[in-house]
Structure formats: structure tokens, C-alpha cells
Amino acid sequence: MIKTSTKKICIVVSSLGIGGAERSSALLSEILFDLGFQVHIVSVLHYVDYPYKGELLNLGELKLQDDSRLGRLKRLRVFHNYIKQHDFDYVIDNRTRIGFFKELVISKWVYSNQNVIYYVHSYNTDNYINPNRLLGKYLYGSVTRIVSVSKAIADKLKHKYGFNRITTIYNPIPDLTTQQIIDDTSYEPYILYFGRLDDKVKNISLLIDAYDISVLKKNNVKLKILGDGEDKDMLQEKVKTMNLSQFVEFLPFNPGPYNIVKNAYFTVLTSRYEGFPMVIPESLALGTPVVSVDCKSGPNEVIIHEENGLLVENDNIEALTKAMNRMLEDKDLYLQCKSNAKKSVEKFSKDDIKQQWKTLLK
448 MIKTSTKKIC IVVSSLGIGG AERSSALLSE ILFDLGFQVH IVSVLHYVDY
498 PYKGELLNLG ELKLQDDSRL GRLKRLRVFH NYIKQHDFDY VIDNRTRIGF
548 FKELVISKWV YSNQNVIYYV HSYNTDNYIN PNRLLGKYLY GSVTRIVSVS
598 KAIADKLKHK YGFNRITTIY NPIPDLTTQQ IIDDTSYEPY ILYFGRLDDK
648 VKNISLLIDA YDISVLKKNN VKLKILGDGE DKDMLQEKVK TMNLSQFVEF
698 LPFNPGPYNI VKNAYFTVLT SRYEGFPMVI PESLALGTPV VSVDCKSGPN
748 EVIIHEENGL LVENDNIEAL TKAMNRMLED KDLYLQCKSN AKKSVEKFSK
798 DDIKQQWKTL LK
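If you read the sequence shown in the numbering used here, its first letter stands for residue 448, the second for the next number, and so on.
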């Protein structure tokens with residue numbers, strides 16, 4: 448196939464819906480498209496919630512038609528032929544990558560003779576790089592580049608596998624100037640969690656327990672939990688059992704929840720681990736302070752304690768409760784965090800991240 452003068456990029460994603468990594472992949476397609484690259488996206492699942500730019504091959508639609516073993520083999524061949532047909536300058540793989548033999552086939556056959564950049568979106572690196580050091584090095588030791596979304600992830604990969612082709616590029620904040628965002632003072636005061644309702648990772652139970660013993664409830668500051676996931680029913684039942692139904696409100700998944708974030712008193716993150724949780728810089732970009740546990744990884748690369756939010760020890764209900772109480776009761780602290788919020792995340796703007804990708808893909 449004759450190459451064009453414009454570089455062709457293929458972004459391979461689990462999907463374009465539901466999660467933070469998926470949203471950052473959609474944003475990456477916009478960034479690379481705006482840089483002048485020919486952008487193609489291959490999605491393993493059919494979910495498409497977030498806006499994107501480029502041509503989409505949705506393997507998820509084929510999966511819905513036939514998810515038998517033969518159907519999976521057919522999708523793999525469609526994937527292989529698509530990569531071979533277009534002869535991309537770079538393939539950027541954003542998927543979770545579990546299972547040695549499956550990834551062996553993809554890395555050595557589907558991506559044969561391709562320049563591949565592998566993304567790692569979580570501090571739980573076993574979801575992206577084989578946990579066996581030798582197998583991990585065999586699959587990914589000589590790739591074009593590994594991109595981590597936090598410095599802590601990059602340090603972990605270097606220490607565990609000895610990788611040296613690692614670059615940290617943070618996930619960008621969406622361009623919020625294009626959104627209809629209203630500063631609405633008519634809202635009843637509330638704090639907000641927004642994200643996937645997966646309690647094993649996000650530890651939303653900790654937030655509910657801390658809220659229950661905090662002063663927020665007594666001051667009629669509600670807790671809103673926005674998102675969907677496998678643990679939604681369990682969390683709703685927990686709230687009901689604790690007699691918190693009048694104080695805790697569950698809101699459905701919203702791909703653009705900016706008004707709700709903007710008008711929150713503060714947002715909260717309680718995850719056991721992360722990669723680079725976009726809810727933190729997005730909140731700050733909207734002028735909303737954050738109370739977050741200091742989990743691995745991401746929060747301490749964005750939050751400056753007592754400057755734009757509060758960082759507390761992970762999985763510590765007393766520390767989290769105290770921080771939420773402080774943010775409500777210490778008005779000077781709250782106003783300082785709020786006034787510093789937007790400026791503190793300017794380095795995560797799409798324009799800044801765009802330049803980093805432009806340099807990497809030269």
C-alpha cells in the first residue's frame with residue numbers, strides 16, 4: 448500500500464464508553480485528529496458514549512452477532528486484516544491486556560511489523576503487562592514505546608521489568624469552553640462522587656461510611672453518587688440499610704456531568720488504586736475542590752494538600768471524615784482551595800498534552 452504524506456494512527460480501545468480510560472482514548476482521537484493525523488479507532492466492545500474523531504471499526508458489533516469461539520476467531524482475523532490493510536505508522540493500544548497467549552497472538556501476529564505504543568492506565572499494572580517478569584519483558588520489552596498515565600506507574604514498570612522506553616503523558620482535560628456549564632446557586636448543597644460503581648476498586652463504601660459519621664449530614668449537605676456499574680444495587684441497598692436514603696442520591700451515568708461537578712461543594716475520590724483519575728483534574732478545572740485518598744497512583748500528582756484540595760491516608764475512615772469536615776467547616780481553607788483550583792491544572796489542558804503527543808509521534 449502506498450503511504451500518504453499524512454501519518455496514519457490506529458487507536459485500539461476496549462470501548463468508547465463507560466470508563467475513564469475509555470474517555471481518555473476518545474479524547475486522544477480528537478487530539479491526534481486535530482494535529483493532522485489520519486485517525487482510525489478499533490473498538491473491542493460496542494459501547495460508544497464519548498465523542499471521538501476518525502474512522503471507527505467497531506468489533507463489538509460483530510461480537511453481538513456471534514460471540515462463539517468461531518466468532519472470536521473471525522473478529523481476530525478482521526482485526527489483523529484491518530491493521531495489515533492500512534499499514535499504520537503507529538498503533539496505540541489502550542486495551543487492558545490479560546492472558547499471555549491471546550496477547551502473544553496480537554503482539555506477534557496482528558501487530559507484526561507495526562510501530563506499537565502500549566498504554567498503561569492503572570497502577571494495577573497486571574491488567575496491562577503480564578505479571579510474570581520474563582513474559583512481560585518478552586511481550587513488551589522491545590516495543591516502540593510504553594506510555595504511562597502517571598509517574599508512579601512509570602517508576603513501577605521500570606523497577607519491576609527494567610523497561611526504559613517509557614514516557615509519562617497525563618490524560619488531558621476535555622475542552623470545557625465548549626460545554627454549557629451553569630453556575631447554579633439554587634442547588635441544595637451536596638458533595639459528589641462520579642465514576643464507575645465498582646466497589647472493589649473505587650471503595651465507595653468507605654465514602655458512604657465516612658459521610659454517615661461526618662458533620663455534612665447534620666448540616667444538610669447531601670452526598671450524590673453519579674455513575675453506573677456492577678455494584679450499584681449493593682450500594683443502594685447499603686444506603687437504605689443505613690437509613691441514609693434521604694441524604695444520599697444516586698444519579699445515572701452521564702458522559703458530560705460538568706454542571707453537576709461544577710455545582711458540587713467538593714468532589715471525593717476513595718479508590719483503592721487508580722491510574723490517573725480524570726475526575727480530579729476535571730473537578731479542579733471547573734473550580735471545584737477535591738478531597739481524595741492518597742492512593743497509587745495519580746492523586747498526589749495533581750492535588751497539592753491544602754492548596755487545591757485535601758489528601759488523606761488511603762482506606763482510613765477517620766482521616767477521610769476529618770478531611771470532609773474540614774472542607775465544610777474551615778471556610779478559609781475551602782475558599783483557598785477553590786480559588787487555586789483552575790490554575791493548578793492548566794498543565795493538563797488538551798493543548799499542553801497535544802504538544803507532548805506531537806513530540807512523541809515525530
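Don't be surprised by glycine CBs; every beta carbon is placed ideally from N, CA and C.
Per-residue DSSP class, three states only, for residue i
i: glutamate 753; result: coil
i: phenylalanine 700; result: coil
i: leucine 807; result: helix
i: lysine 671; result: strand
i: cysteine 784; result: helix
i: serine 537; result: In the sequence as displayed, the identity of residue 537 is tyrosine instead of serine. If DSSP states are grouped into helix, strand and coil, tyrosine 537 belongs with the strands.
i: glutamate 508; result: helix
i: glutamate 502; result: strand
i: valine 686; result: helix
i: phenylalanine 641; result: strand
i: glycine 518; result: helix
i: lysine 454; result: coil
i: threonine 735; result: coil
i: threonine 572; result: helix
i: leucine 551; result: helix
i: serine 559; result: coil
i: glutamine 693; result: coil
i: histidine 527; result: helix
i: isoleucine 600; result: helix
Residue nearest to residue i in terms of C-alpha spacing, selected from the options
i: isoleucine 800; options: Gln532, Ile616, Arg519, His527; result: Ile616
i: glycine 467; options: Leu767, Gly546, Val740, Asp675; result: Asp675
i: valine 495; options: Leu503, Tyr720, Leu581, Gly464; result: Gly464
i: lysine 454; options: Phe526, His533, His527; result: His533
i: aspartate 678; options: Val648, Leu663, Pro702, Thr688; result: Val648
i: cysteine 832; options: Val459, Asp762, Ile751; result: Only positions 448 to 809 of the chain appear in the structure, and residue 832 is not among them; the question remains open.
i: tyrosine 637; options: Asp779, Lys664, Ile564; result: Lys664
i: phenylalanine 641; options: Pro578, Ser718, Lys607, Asn579; result: Ser718
i: serine 490; options: Ala473, Leu582, Leu733; result: Ala473
i: lysine 702; options: Val459, Glu469, Val460, Gln512; result: Rather than lysine, the amino acid found at residue 702 in this sequence is proline. Cα-wise, what sits closest to proline 702 is Glu469.
i: phenylalanine 484; options: Ser661, Asp536, Gln512; result: Asp536
i: glutamine 783; options: Asp602, Pro728, Thr735; result: Thr735
i: leucine 511; options: His493, Gln561, Lys687; result: His493
i: lysine 603; options: Val567, Val552, Gln561; result: Val567
i: isoleucine 530; options: Ser786, Gln561, Glu721, Leu520; result: Gln561
i: glutamate 635; options: Glu508, Asp646, Lys669; result: Lys669
i: asparagine 574; options: Asn541, Ser554, Arg592; result: Asn541
i: valine 552; options: Asn611, Arg519, Pro578, Arg612; result: Arg519
i: threonine 543; options: Val525, Thr572, Arg524, Ser554; result: Thr572
Inter-residue CB distance, residue i and residue j (contact presumed, cutoff 8 Å)
i: threonine 714; j: serine 730; result: 4 Å
i: phenylalanine 697; j: isoleucine 672; result: 5 Å
i: leucine 757; j: methionine 774; result: 6 Å
i: isoleucine 564; j: isoleucine 539; result: 5 Å
i: alanine 657; j: isoleucine 764; result: 5 Å
i: leucine 506; j: arginine 516; result: With 8 Å as the limit, leucine 506 and arginine 516 do not qualify as a contact, their Cβ atoms being about 15 Å apart.
i: glutamate 760; j: serine 597; result: Not quite, the Cβ-Cβ distance comes to about 19 Å (not below 8 Å), so this is no contact.
i: isoleucine 707; j: leucine 644; result: About 16 Å separates the two Cβ atoms, so there is no contact after all.
i: serine 569; j: methionine 725; result: Incorrect: roughly 13 Å between the Cβ atoms, too far for contact.
Straight-line gap, residue i to residue j (C-alpha atoms, nearest Å)
i: tyrosine 585; j: phenylalanine 548; result: 12 Å
i: serine 462; j: asparagine 650; result: 24 Å
i: valine 695; j: asparagine 667; result: 11 Å
i: valine 557; j: leucine 475; result: 22 Å
i: isoleucine 751; j: isoleucine 545; result: 34 Å
i: glycine 588; j: proline 498; result: 33 Å
i: lysine 709; j: glutamate 550; result: 41 Å
i: serine 559; j: valine 590; result: 11 Å
i: lysine 797; j: leucine 482; result: 11 Å
i: valine 459; j: asparagine 690; result: 44 Å
i: aspartate 513; j: alanine 711; result: 44 Å
i: glutamate 753; j: histidine 527; result: 50 Å
i: aspartate 777; j: valine 738; result: 14 Å
i: proline 704; j: valine 740; result: 22 Å
i: alanine 770; j: lysine 809; result: 45 Å
i: asparagine 755; j: glutamate 721; result: 19 Å
i: valine 662; j: threonine 768; result: 9 Å
i: serine 652; j: glycine 745; result: 21 Å
i: arginine 592; j: isoleucine 613; result: 6 Å
Residues near residue i in its chain [Cβ-Cβ closer than 6 Å; skip 5 each side]
i: lysine 450; result: In this prediction, lysine 450 scores a pLDDT of 49, lower than 50, which makes its location untrustworthy; no coordinate-derived value is stated.
i: methionine 448; result: In this predicted model, methionine 448 has a pLDDT of only 46, less than 50, meaning its place in the structure is not dependable; the value taken from the coordinates is given anyway. For methionine 448, where only same-chain residues beyond five positions count, the Cβ hits under 6 Å are Asp534.
Residues near residue i in its chain [Cβ-Cβ closer than 7 Å; skip 5 each side]
i: glycine 501; result: Ser476, Phe480, Val486, His487, Ile488
i: glutamine 683; result: Phe697
i: arginine 580; result: Lys607, Tyr608
i: alanine 766; result: Val759, Glu760
i: valine 686; result: Ile655, Ser692, Val695
i: leucine 582; result: Phe547
i: lysine 805; result: Leu482
i: aspartate 659; result: Met689, Leu691
Neighbourhood of residue i by C-beta distance below 8 Å, restricted to the same chain and skipping five residues each side
i: alanine 732; result: Ile620, Leu623, Ala788, Lys789, Val792, Phe795
heavy atom of the ligand HEM below 7 Å from residue i C-beta
i: glutamine 532; result: The model on display carries no ligand, and the ligand HEM is accordingly not part of it.
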